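The sequence shown begins at 3 in this note's numbering and counts up one residue at a time.
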Amino acid sequence: MAAPENHKGLKRIWNAFFYSINGFKACYRTEEAFKQEIVLALILIPLGLYLGESAVERLFLCVSVMFVLLVELLNTAIERAIDRISFEKHELSKESKDMGSAAVLLSILIALFTWSVILIR
């Protein structure tokens, strides 16, 4: 069975771009942590571009901040999927959400470590 025309080629890429924008909007609208991380990213990414002494340093400073946003988006997706299934308390649901939260914490620690190593020479 062939994919519908709107799921092929440039049209698929175009649609995927707007689905992604909708994902950013939904996360920003509903997740306080994501809002805070966006504000920090708006400060830290330009700062990273300024403070990095080489292209590699600038890359690591900026990507480490973007990595936190990426993991927060995935954590929110996990939480939403669990909540979509059921609001009933279940140990596996709790563990899934806790693991997503742990991933966010780890991404923040990676960013802090990256910034520390590069800036404290």
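Note that CB positions come from ideal geometry on N, CA and C, so glycine has one too. The model shown is predicted, which means the values in this text are computed figures rather than measured ones.
Q.
Suppose the cutoff is 7 Å on Cβ atoms and the five residues either side in sequence are ignored; what does the same chain contact list for A35 look like?
A. Residue 35 sits at position 33 when you count from the first residue of the sequence shown. These residues qualify, in order along the chain: E74.
Q | Meets three-Cβ-pair contact criterion under 8 Å: the segment 30-47 and the segment 64-79 | A | Yes: the two stretches touch, three or more of their Cβ pairs being nearer than 8 Å.
(Q) Can you look up K13 in the DSSP assignment and give me helix, strand or coil? (A) For the purposes of this step, residue 13 is taken as the residue at position 11 of the sequence shown. In this structure, K13 counts as helix in the three-state DSSP scheme.
Q. Taking all protein chains shown into account, do 16 or more other C-beta atoms lie within 10 angstroms of the C-beta of S109, making it buried, or fewer, making it exposed?
A. Along the sequence shown, read from residue 1 onward, the residue named residue 109 stands at position 107. That one is buried.
**Q.** DSSP-derived helix/strand/coil call for R60
**A.** Start at 1 with the first residue of the sequence shown, and residue 60 comes out as number 58. Residue state for R60 is assigned as helix, using DSSP reduced to three classes.
Q: Compute the distance between the beta-carbons of I84 and S66, then report whether it is under 8 Å.
A: Numbered from its first residue, the sequence shown carries residue 84 at position 82. Numbered from its first residue, the sequence shown carries residue 66 at position 64. Their beta carbons are not under 8 Å apart, which means I84 does not touch S66 by this criterion.
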